[in-house]
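Just so we're on the same page, the working numbering is the position in the sequence shown counted from 1, plus 63.
All C-beta atoms in this analysis are idealised placements derived from N, C-alpha and C, irrespective of residue type, glycine included.
Report on one structure; see the data block that follows.
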Amino acid sequence: MRLNRVYAAQPLATGAEVTLPEAAAYHVARVLRLRPGAALALFDGAGGEFHGEIVAVEGDQVRVRVGARAAALRESPLGITLVQGVSRSERMDWTLQKATELGVRCIQPVLAARSVVRLDERQAEKKLRHWQAIVAGACEQCGRSTLPEVRAPLELRRWLAQAPREGQRLVLSPGSPASLAGLAGLSVSALSRRFHEETGLTPADYVAEVRIRKAKIMLDDPAKSVTDIALACGFYDASHFSSSFLKATGLSPSRYAARFANGHAR
Numbered sequence: 064m065r066l067n068r069v070y071a072a073q074p075l076a077t078g079a080e081v082t083l084p085e086a087a088a089y090h091v092a093r094v095l096r097l098r099p100g101a102a103l104a105l106f107d108g109a110g111g112e113f114h115g116e117i118v119a120v121e122g123d124q125v126r127v128r129v130g131a132r133a134a135a136l137r138e139s140p141l142g143i144t145l146v147q148g149v150s151r152s153e154r155m156d157w158t159l160q161k162a163t164e165l166g167v168r169c170i171q172p173v174l175a176a177r178s179v180v181r182l183d184e185r186q187a188e189k190k191l192r193h194w195q196a197i198v199a200g201a202c203e204q205c206g207r208s209t210l211p212e213v214r215a216p217l218e219l220r221r222w223l224a225q226a227p228r229e230g231q232r233l234v235l236s237p238g239s240p241a242s243l244a245g246l247a248g249l250s251v252s253a254l255s256r257r258f259h260e261e262t263g264l265t266p267a268d269y270v271a272e273v274r275i276r277k278a279k280i281m282l283d284d285p286a287k288s289v290t291d292i293a294l295a296c297g298f299y300d301a302s303h304f305s306s307s308f309l310k311a312t313g314l315s316p317s318r319y320a321a322r323f324a325n326g327h328a329r
């Protein structure tokens with residue numbers, strides 16, 4: 064018989080008695096209507112999975128005795144971070160559920176220039192708690208004992224500016240002729256070779272070219288500061304942007320903007 068799995072949200076040890084968190088207790092007592100003596104599977108969100116037995120149900124409080132440690136579902140060896148544009152309620156919840164089921168290790172919600180959803184600080188905190196609850200519920204259903212990390216939402220340009228540069232990075236586009244299945248078995252070096260064959264550039268050179276091209280367009284707008292352009296184009300900071308731009312064009316951003324503002328061809 065399949066046991067009901069409950070996220071205990073606290074450290075667990077065999078022989079201890081724990082009080083379930085409010086939401087979990089409500090589900091166990093009011094929805095599942097379980098009573099003392101009923102067996103549960105408990106997990107702590109950090110990879111620990113245990114047998115458990117309800118010892119008391121008092122109103123909306125449920126106490127459980129932690130039993131023997133159980134074999135936990137193995138985590139994926141791939142450290143996948145999903146950078147996900149924030150979508151409206153049910154769509155975002157569905158995305159989080161499926162990402163959890165597929166073994167994603169970290170989820171970074173982002174707000175892009177054309178995102179419909181906008182969040183102030185209070186709304187962002189509330190959304191983060193809701194998303195963490197969605198992920199916990201998905202773990203209960205799919206058998207994972209380790210909760211993916213759900214980070215606070217960020218502006219996309221801020222994430223790009225601080226994102227780690229190591230590892231393989233893929234942009235998922237609904238209109239792309241390629242698929243993730245088509246990439247299976249390819250090493251990073253093999254992907255780089257294929258990319259070079261099709262574009263004549265390495266992936267790093269292509270990204271640099273796209274960033275410089277975007278920066279040139281943004282330099283037409285005198286209201287944009289060098290820092291704004293640097294972050295929007297994915298550079299670490301204004302200094303990194305200026306040195307990269309100088310290397311690519313032979314001009315500093317300010318000299319480039321001034322020169323072409325005076326009618327020079329680009």
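Check, Outcome
"Environment of TRP157 [buried if 16+ CB atoms lie within 10 Å]", "exposed"
"Helix, strand or coil at PRO227 according to DSSP, with G and I counted as helix", "coil"
"Euclidean distance between Cα positions of GLU272 and MET281", "14 Å"
"Own chain, CB closer than 8 Å to GLY110, minus 5 neighbours either side, in chain order", "ALA135, GLU138, SER208, THR209"
"Cross-strand partners of PHE304 (DSSP beta bridge)", "Note: PHE304 sits in no beta bridge, so no partner."
"Selected residue, minimal CA-CA separation from TYR89, among ALA76, ALA201, ASP300, TYR70", "TYR70"
"Reduced DSSP category for ALA328 - H, G, I as helix; E, B as strand; rest coil", "Caution is warranted here: a pLDDT of 48 is assigned to ALA328, below 50, making its placement in the model unreliable, and no coordinate value can be reported."
"Alpha-carbon to alpha-carbon, ASP300 and ASP283", "19 Å"
"Counterpart residues of PRO172 in DSSP-defined beta bridges", "GLN147"
"Exposure label - ALA224; buried when at least 16 CB within 10 Å", "buried"
"Straight-line gap, VAL289 to THR265 (C-alpha atoms, nearest Å)", "27 Å"
"Close-in-space but distant-in-sequence residues of the same chain around LEU105 (CB under 7 Å, 5 per side omitted)", "VAL69, ALA71, LEU75, PHE113, GLY115, VAL127, VAL129"
"For ARG276, the first and last residue of its enclosing alpha helix (DSSP H)", "266-281"
"Exposure label - PRO240; buried when at least 16 CB within 10 Å", "exposed"
"8 Å Cβ shell around ALA196 - same chain, five flanking residues per side excluded", "ALA86"
"Under 9 Å between C-beta atoms of LEU159 and ARG221", "no"
"Rounded separation between GLU153 and THR312 - CA only", "46 Å"
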